[in-house]
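Residue numbers (our numbering): 2 to 122. For every residue, glycine included, the Cβ atom is placed at its ideal position computed from N, Cα and C. Treat the numbers as computed from the prediction; the structure is a model and nothing was measured.
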């Protein structure tokens with residue numbers, strides 16, 4: 002029972018469509034705007050791994066070490082890399098937050114930056 006991904010030609014967003022059988026004809030509609038102008042995407046193949054294998058791979062991934070936690074853009078890139086490595090898609094709320102961070106804004110609720118220098122003492 003595959004799940005196919007499509008990109009809407011009207012709003013540009015991705016939708017995932019569950020199909021009961023391989024080869025079954027579907028008429029996908031965008032889950033965001035309802036448009037039927039959709040293009041099927043080639044999706045990555047999911048490989049099942051144990052939690053231990055996933056976290057071992059993360060521990061060995063040096064590309065995740067170059068994050069600057071005081072820079073919103075660096076943090077956003079790191080979160081996107083982590084999401085890809087874990088195979089976990091980002092929800093719309095997280096996507097919006099990352100777009101703000103990529104524009105140089107501090108994450109929502111962070112008034113004094115990302116450095117953690119707001120300790121009381």
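Collapsing the DSSP output to three states places residue 25 in coil. DSSP places residue 80 within a helical segment (H, G or I) once states are collapsed to three. CA-CA distance, residue 68 to residue 100, rounds to 17 Å. Between residue 79 and residue 13, the alpha-carbon positions lie close to 24 Å from each other. If you ignore the 5 residues before and after residue 75, its C-beta comes within less than 7 Å of the C-beta of 68 and 69, all in its own chain and listed in chain order. Excluding sequence positions up to five before and after residue 55, its CB lies within less than 7 Å of the CB of 87, all in the same chain and listed in chain order. About 19 Å separates the Cβ atoms of residue 31 and residue 25, ruling out a contact at the 8 Å cut-off. Contact check for residue 36 against residue 9 passes: the beta carbons are separated by less than 7 Å. The closest CA to that of residue 23, considering only 34, 106 and 3, is found on 3.
Rounded to whole angstroms, residue 73 and residue 89 show a C-alpha spacing of 21 Å.
With 16 or more other Cβ atoms from the protein chains shown falling within 10 Å of its own Cβ, residue 98 counts as buried.
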